[in-house]
Amino acid sequence: MRPLGLRAALLVSLGFAAAAAAHESPAIALRLDVDASGRVFVEQIAGPRALVALEPPAGCRLDLGRTSSTLETSRDLPARVHCTSDGLHGTWRVSGLGSHAQAMAVRAEGAVTGTWTLLPESSTFSLAEAHVEGAATNGPGPGTRPPFDPRPALAAGASHVAHGLDHMALVALLVVSAARLRDALLPLVGFTLAHALTLGFGAFGHPLMPASLAELLVAASLVLATRLESSERLGARTITAFTFGLVHGVAFLEGAAPLLAHGHAPIATLAAFHVGIEFVQVAVALALAAVLAAAELRESFAQRLRASVATLAGAYGVALLLARLA
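Position in the sequence shown (first residue = 1) + 4 = the working numbering.
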């Protein structure tokens, strides 16, 4: 591609990067383990270490060794809180939500059963389903669960990929680096299996790497994927795509974390989330393959189209890498 075209592609990709960053929805997932004596153990299980404050009710005291009355996810967690029966039934408040995160999912376990998803406009919750010996109960008992609805997880998976753009860019590179769609099928399958594998391990507490490192490597994978050539052996391209998929799966965990924090049907939730991802991935691959098939009527145009897609995706990867290093 000519230098002028390359500069134009870089400018467009920088615009895409800004849009993608605006649509990334960092969410925080907390787990509260509560025992029968009123001790609460608060732990952050997913999401960025954002400056979000969690304020227990008046009937609770923090075990922090300082005078603060709030927990901050940037420095205080994990932490222990000691609550009376009244404290467990009081209202917990969250401040700072919306400036660093768009949602917080809270799952309470142990002597308390409850799940909440907090948004900026509703940043309070109450451990109202407390089952502490000698305390009154309010709400459904443990084991009372609504039927599983896959629609939120399906929508979350599709939305996470559609708004992120980095995953779609990698899929596009796998398609344009193959001479025909059928030559891209095995790399796409390897890519899919890999990100399903690492997303599953991460969802159940065994992430392959820290999320911050995964985000950097996702951006780097776009740059490296521009070097894929249709002349390479199919096995080599499949192994490369599988490696990229391992990293992308770790990055998907942030989108799935608020759903999984509810603790309700985690395997079904994860499966539905992944189906949403694959729906967008297959749609992108098929649409691009159809455009390339039509372009093959003029071989020179098809070559320019493949080069343009690769240049845009690579420049977008460079822009993301610089943004995430900043």
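Ideal placement from N, C-alpha and C gives every residue a C-beta, glycine not left out.
Who are residue i's beta bridge partners in DSSP?
i: E113; result: D37
i: H86; result: R43 and R65
i: V98; result: L58
i: Q48; result: L34
i: L131; result: For L131, which the question treats as bridged, DSSP gives no partner whatsoever.
i: E1; result: Since the displayed the chain opens at 5 and closes at 330, residue 1 lies outside it and no answer follows.
i: M4; result: Residue 4 is absent from the model: the chain starts at 5 and stops at 330.
i: L122; result: M108
Using 8 Å for Cβ pairs, my map puts residue i next to residue j. What's the rounded Cβ distance?
i: A112; j: V38; result: 6 Å
i: G249; j: F195; result: 4 Å
i: T273; j: L257; result: Contact flag wrong, Cβ pair sits at about 13 Å.
i: T259; j: H164; result: Note on identity: in this sequence residue 259 is Gly, with Thr being the wrong assignment. Right, their Cβ atoms sit about 4 Å apart.
i: L101; j: L122; result: 6 Å
i: T95; j: P61; result: 6 Å
Within a Cβ cutoff of 8 Å, which residues of the same chain sit near residue i, ignoring the five residues on either side of it in sequence?
i: V227; result: G318, G321, V322 and L325
i: V295; result: L309
i: T88; result: G42, G63 and C64
i: I243; result: G194
i: A152; result: Checking the sequence shown, residue 152 turns out to be Phe, not Ala. Around F152: H268, A269, A272 and T273.
i: A182; result: A188, P191, S234 and R241
Enumerate in chain order the residues of its own chain whose CB-to-CB distance from residue i is below 7 Å, with the five nearest sequence positions on each side excluded.
i: V288; result: M172, V175 and A176
i: L68; result: D80 and A83
i: L219; result: Reading the sequence as shown, one finds Glu at residue 219 and not Leu. Hits under 7 Å: A255 and R328.
i: A299; result: F305, A306 and L309
i: D90; result: G63
i: T74; result: A57, L58 and E59
Give every residue of the same chain whose Cβ lies closer than 6 Å to the Cβ of residue i, excluding the five residues on either side of it in the sequence, and list them in chain order.
i: A276; result: P154, A157 and L158
i: T202; result: L212, L250, G253 and V254
i: R6; result: At R6 the pLDDT is 46, less than 50, meaning the model places this residue with poor confidence and gives no usable figure here.
i: S127; result: V98 and L101
i: A13; result: Summary for A13: the model assigns pLDDT 48, below 50, so the residue's position carries little reliability; its value from the coordinates is reported in the next sentence. The answer, listed in chain order, is T315, L316 and A319.
i: P191; result: L178, R241, T242 and A245
i: L185; result: A293
i: A50; result: A33 and A261
Touching by the beta-carbon criterion (3+ pairs, under 8 Å), the stretch 76 to 86 and the stretch 109 to 127: no
Between the stretch 226 to 242 and the stretch 280 to 299, do three or more beta carbon pairs fall short of 8 Å? no
Segment contact, 8 Å Cβ cut-off, at least three pairs: the stretch 202 to 216 with the stretch 304 to 319: no
Quick check on the DSSP output: what are the complete alpha helix (DSSP H) runs of length 4 or more inside the stretch 179 to 211, in order along the chain? 185 to 207
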